[in-house]
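**Q** Quick note, the sequences are listed as chains B and R, same order.
Following UniProt numbering, the numbering of the first sequence begins with 1 at its first residue and continues without gaps.
Following UniProt numbering, the numbering of the second sequence begins with 1 at its first residue and continues without gaps.
Backbone N, C-alpha and C define an ideal beta-carbon position, used for all residues, glycine too.
The structure displayed is predicted, hence computed values, not measured ones.
Structure incoming, see below.
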Amino acid sequence: MYKYNDFDEAFVRERVAQFRAQVQRRIDGALTEDEFKPLRLMNGLYLQLHAYMLRVAVPYGTLNPGQMRQLAMLAERFDRGYGHFTTRQNIQYNWPKLQDVPDMLDALADVEMHAIQTSGNTIRNVTSDHFAGAAADEIEDPRPYAELLRQWSTDHPEFQFLPRKFKIAVTGAPNDRAVVRAHDIGLQIVKNDSGETGFKVIIGGGLGRTPMVGKVIRDFLPKADLLPYVEAIVSVYNLLGRRDNKYKARIKITVHENGLDKITRLVEARFVELRPHFQGADVALLERIAAQFAPPPLPEVGLGAFEQAFDSDPVFRAWVDSNVAEHRVPGHAIVTISLKAHGQTPGDATAEQMRVMADLAEAFGHHELRISHEQNVILPHVARADLYAIHARLRAAGLATANAGLISDIIACPGMDYCALATARSIPVAQQIATRFDALKLEHDIGPLKIKISGCINACGHHHVGHIGILGLDRAGVENYQITLGGTGTEDMVVGDRTGPGFAYDQIVPAIERIIATYLDQREAPEETFLDAYRRLGMAPFKAALYPVEKAHAA
Amino acid sequence: MPKPFSPKVVTANALLEGDVVYLTAGDEWTRHLHEAELLQDEAQASQRLLDAEMRPLEVVGPYLADARASDAGPRPVHFREEFRAAGPSNYNHGKQEEHA
Ligand code: SF4
């Protein structure tokens, strides 16, 4: 993975030193809160409902064991012994004290991490496919490009005050696991007719108040043109994006209001201007970066004790079926470590669990860990022969829940348990759904199903692209939950359809149960997934199950 | 007719810890809503908010939150204030931990 050079190191250290002085000046009274707030936000420090919150970037979701251990240390020393992994491949600490934050940032710098640009109207953490470099369907590892974009966007002088925040995601595979169509810029590595690799460039996707599927602005962009082209997009947006209304300030609205044709013309013209200025420095840098992402040596190995364990241990077999994905090298596998034990807070890991995962990555996983936007942790390169041993260690740490991609593998934002912007809670809804379906023992029978929950219209929990999406609102001073069905965040991204009126806090789990009962009852075969069944059946049977009284009235 | 004034408390987050705090009649910041001063009229409420805003070295973002009287002191009205007063629902952290 990428190693900081002297410049990166000096830059991050200097920012910590600046912030340390800024914190002191706030405490002494030399800075007002109005002056201090933008400074703390630039360093990832929010003030939430109950406490400060520090959001640390995990660039494109990649961590090494030393970094994971340092995250554990921070959790123990400065927080309540845990951290929360988010849908943007960040980690959030929910309880830091203001005076401790500079020390936390210094400790992060010790392991080449930072919290810069995890807030504010800047280019945020560049996210990527959590199976990058390992997936069987991948054309090329997207992370060197993500790192190039990270370096280019960090402290980019032109882009510190954009009309609104700006999110970029990169994937190297045709099966989109990085939700690139819901980003301000989505980049997908593709091959053109002459076999060259480049990018399909997608802009103007997003969730939030006005969900939009991103639109293709370039079918094929040569790799060498990545930075000038992305810079052209952001610079056109920087001038054209609305600053008069923050609900209309994201690039999705700029594209929507101006039309893709006009935006394309402006971007292409700006690209022609910018391109000569790069003079190949970006391409040279990319080569240096790419060398650091060389794949680990993965010899084709035998399966060892795998098959016997698979046949004889049903708990292990269930976990392999749901949490182990195909690796590009035969004999190897990608492991999803579920941070969704039934009844636990989605995305939370204790310091002890972080250490176990770091140890496993060291012992079995070529020192690599990934954070997924689905709030799980990935071991991208393990030998199948080691899976049984890995499973045993995970089990002892409460990390072996066999539910990846199933109904209890729920994305949930912090909601009103932590977030100052929330209109309702998300976490307890996720906990109750997971516990309920675990008790019913239906999870594996239901099969692939993505439930995503947001605690307000900002949609950090990606509810629009959940097969079942849940949005928590405040309706006249009471929590109320709207349901959407049929959303998906993959390469065929669709925004879900609203079922109708929302449900009270104590009615939302029964409502989800009715949806699932309808699906189980009406699916053609167990192989027909919830999403496929919804696409075939449409909304009607689910509506009938959700709002039976209304139907009686209409009859 | 103007809407009748609903009682309020002054609340904010402590500068150093970020904790939810409330202004008491004795001009102290308390962690406990039931110890807050319940403000019964608009002029008094605005005055107390101004007082709080003059204390930027102690708190961040003071505002007036609806509250209602009870035998055990002010109670929250809106569920957001209920969570702020109680702490998160997924762990026994924050205020709950201090009580324990
Ligand atoms: S969706 Fe809303 S409640 Fe949830 S984390 Fe985002 S801003 Fe907060």
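Quick one, are the C-beta atoms of Phe-199/B and Val-213/B less than 8 Å apart?
**A** Taking 8 Å as the Cβ cut-off, Phe-199/B and Val-213/B do not qualify as a contacting pair.
**Q** Would you call the region 490-507 of chain B and the region 161-181 of chain B in contact, with 3 or more CB pairs under 8 Å?
**A** The answer is yes - the region 161-181 of chain B touches the region 490-507 of chain B, with three or more Cβ pairs under 8 Å.
**Q** Alpha helix (DSSP H) containing Ala-75/B: first to last residue?
**A** 65-78 is the span of the alpha helix (DSSP H), which, as asked, contains Ala-75/B.
**Q** Tell me, which residues are paired with Asp-497/B by DSSP?
**A** DSSP output for Asp-497/B lists Leu-485/B as bridge partner(s).
**Q** Closer than 7 Å to a non-hydrogen atom of ligand 1 - does that hold for the CB of Ala-459/B?
**A** Checking every heavy atom of ligand 1 against the Cβ of Ala-459/B, one is found closer than 7 Å.
**Q** Looking at the C-beta of His-34/R, does it have a partner C-beta in chain B at a distance below 8 Å?
**A** Cβ-Cβ to chain B under 8 Å: no for His-34/R.
**Q** Which residues, in chain order, does the region 44-65 of chain R contribute to contact with chain B at a C-beta distance below 8 Å?
**A** Those would be Pro-56, Leu-57, Val-60 and Gly-61, in chain order.
**Q** Return the first residue and the last residue of the beta strand (DSSP E) that Ala-333/B is part of.
**A** Where Ala-333/B is concerned, the enclosing beta strand (DSSP E) stretches over 332-337.
**Q** I'd like the list of long-range same chain contacts for Lys-551/B, defined as Cβ closer than 6 Å, with 5 residues on each side in sequence excluded.
**A** Note that Lys-551/B scores a pLDDT of 48, beneath 50, so its modelled location is shaky; the value from the coordinates is reported in the next line. Taken in chain order, the residues that qualify are Ala-544.
**Q** Less than 8 Å between CB atoms is the rule here; does Arg-75/R satisfy it with respect to chain B?
**A** No, no contact with chain B.
**Q** Which residue marks the beginning of the alpha helix (DSSP H) containing Arg-436/B, and which one marks its end?
**A** From DSSP, the alpha helix (DSSP H) with Arg-436/B extends over 427-440.
**Q** Just the C-alpha distance for Leu-148/B and Ile-289/B, rounded to the nearest angstrom, thanks.
**A** Computed Cα separation, rounded: 7 Å.
**Q** Using 7 Å as the cut-off, classify the Cβ of Ser-454/B as near or not near the heavy atoms of ligand 1, replying yes or no.
**A** Yes; taking the cut-off as 7 Å, the Cβ of Ser-454/B has a heavy atom of ligand 1 nearer than that.
**Q** Give the DSSP bridge partners of Lys-191/B, in chain order.
**A** Lys-191/B pairs with Thr-197/B.
**Q** Three Cβ pairs or more, each shorter than 8 Å: is that satisfied between the region 191-211 of chain B and the region 243-256 of chain B?
**A** As far as the Cβ criterion goes, the region 191-211 of chain B touches the region 243-256 of chain B, which means the pair count is three or higher.
**Q** Which residues in the same chain as Ala-259/B place their Cβ atom closer than 8 Å to its Cβ, once the five residues preceding and following it in sequence are excluded?
**A** Note on residue identity: the sequence assigns Gly, not Ala, to residue 259/B. Excluding sequence neighbours, Gly-259/B sits near nothing in its chain.
**Q** Is there a Cβ of chain B sitting closer than 8 Å to that of Glu-37/R, yes or no?
**A** False, the Cβ-Cβ gap to chain B never drops below 8 Å.
**Q** Taking 6 Å as the limit between beta carbons, can you name the residues of its chain near Asp-282/B, skipping five residues before and five after?
**A** So the qualifying residues of the chain are Leu-227.
**Q** Can you name the residues of chain R whose CB is closer than 9 Å to the CB of Gln-482/B?
**A** Under the 9 Å cutoff, chain R gives no residues; its nearest Cβ is about 17 Å from Gln-482/B.
**Q** So with Cβ pairs under 8 Å, would you call Glu-28/R a contact of chain B?
**A** No - not a single Cβ of chain B is within 8 Å of the one on Glu-28/R.
**Q** Where are the alpha helix (DSSP H) runs, 4 residues long or more, that stay fully inside the region 254-331 of chain B, in chain order?
**A** You should have 260-278, 281-291, 306-312 and 314-323.
**Q** Can you give the Cα-Cα distance for Phe-83/R and Glu-268/B, rounded to whole angstroms?
**A** So the alpha carbons of these two residues sit roughly 50 Å apart.
**Q** From this set, Ala-422/B, Lys-441/B, Arg-498/B and Gln-308/B, which residue's C-alpha is nearest Gly-461/B's C-alpha?
**A** Comparing Cα positions, the closest option is Ala-422/B.
**Q** Leu-39/R: which of Asp-66/R, Asn-13/R and Met-54/R sits nearest, CA to CA?
**A** It is Asp-66/R.
**Q** Is the separation between the beta-carbon of residue 577/B and that of Val-335/B shorter than 8 Å?
**A** Nothing about residue 577/B can be read from this structure; chain B reaches only from 1 to 555.
**Q** At a cut of 8 Å, does the region 9-21 of chain R reach the region 517-530 of chain B through at least three beta carbon pairs?
**A** The region 9-21 of chain R vs the region 517-530 of chain B: no contact.
**Q** DSSP state of Met-354/B, grouped into three classes?
**A** Helix.
**Q** Who are residue 109/R's beta bridge partners in DSSP?
**A** With chain R represented from 1 up to 100, any question about residue 109/R goes unanswered, as that position is not in the structure.
**Q** Which residue or residues does DSSP assign as beta-bridge partners of Ser-89/R?
**A** Answer is none; Ser-89/R lacks a bridge partner.
**Q** Roughly how many whole angstroms lie between the Cα atoms of Gln-96/R and Ala-86/R?
**A** Spanning the two alpha carbons is a distance of roughly 6 Å.
**Q** Under 7 Å from any heavy atom of ligand 1, does the C-beta of Gly-415/B make it?
**A** Under cutoff, so the answer is yes.
**Q** With a threshold of 7 Å (Cβ to nearest heavy atom), would Ser-119/B be considered close to ligand 1?
**A** The answer is no for Ser-119/B.
**Q** Count the other C-beta atoms from every protein chain shown that fall within 10 angstroms of the C-beta of Met-416/B, then say buried if there are 16 or more, exposed otherwise.
**A** Answer is buried; the Cβ neighbour count reaches 16.
**Q** In the DSSP output, what is Pro-163/B paired with across the bridge?
**A** In the DSSP output, where bridge partners are listed per residue, Pro-163/B has none listed.
**Q** Answer with buried or exposed for Phe-85/B, where buried requires no fewer than 16 other C-beta atoms within 10 angstroms of its C-beta.
**A** Looking at its Cβ environment, which holds 16 or more other Cβ atoms inside 10 Å, Phe-85/B is buried.
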